[in-house]
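What follows is a short report on a single structure.
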Amino acid sequence: MAKVDQARRKLEAVRKGELWPLTAGEKARLAVHIGRGVSKVVRGKSTNAADRAADRVLSDAEERLKAEYDALESARKKTIRDKATAKAEKGSGFSWW
Numbered sequence: 082m083a084k085v086d087q088a089r090r091k092l093e094a095v096r097k098g099e100l101w102p103l104t105a106g107e108k109a110r111l112a113v114h115i116g117r118g119v120s121k122v123v124r125g126k127s128t129n130a131a132d133r134a135a136d137r138v139l140s141d142a143e144e145r146l147k148a149e150y151d152a153l154e155s156a157r158k159k160t161i162r163d164k165a166t167a168k169a170e171k172g173s174g175f176s177w178w
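Residues 82 to 178 (this note's numbering) are what the sequence shown spells out, left to right.
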């Protein structure tokens, strides 16, 4: 349950534009693209490519976290379903009392 909540918080944070849930590699790629954008601004050129690349890094991170969250959530639901099935099978015997 705690892992599911943590994954949900990470996903919400990335959607808000926060960077703490990103992996080190994602942060490094984002820094590179921001640096390229800054150098373009200094030279008076367009930053469209750097902006798109940075947006791609963030959308890839969001997609990764969404997949992680979905996997954890489906595992949690399967566990609950299995426990309910086991309980139903255990209590399905006929008894007067």
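Ideal placement from N, C-alpha and C gives every residue a C-beta, glycine not left out. Predicted model, so just to flag it, every value in this text is computed and none were measured.
For residue i, the three-state DSSP class (helix, strand or coil)
i: Gly125; result: coil
i: Leu100; result: coil
Reference residue i; option with closest CA among the options
i: Leu103; options: Ala130, Val138, Arg117 and Asp132; result: Val138
i: Asp141; options: Ala83, Arg90 and Glu107; result: Glu107
6 Å CB neighbourhood of residue i in its chain, flanking five on each side removed
i: Ala88; result: Glu149, Tyr150 and Leu153
i: Arg157; result: Val85
Proximity test, Cβ basis, 8 Å: residue i and chain D
i: Gly116; result: Here chain D cannot be found, since the structure has a single protein chain.
Proximity below 8 Å, CB of residue i to CB of residue j
i: Gly116; j: Thr128; result: no
i: Glu143; j: Arg96; result: yes
i: Leu92; j: Lys147; result: yes
i: Ala131; j: Lys121; result: yes
i: His114; j: Ala94; result: no
### Query
Which runs of the alpha helix (DSSP H), 4 residues or longer, sit entirely within the stretch 105–152?
105–123
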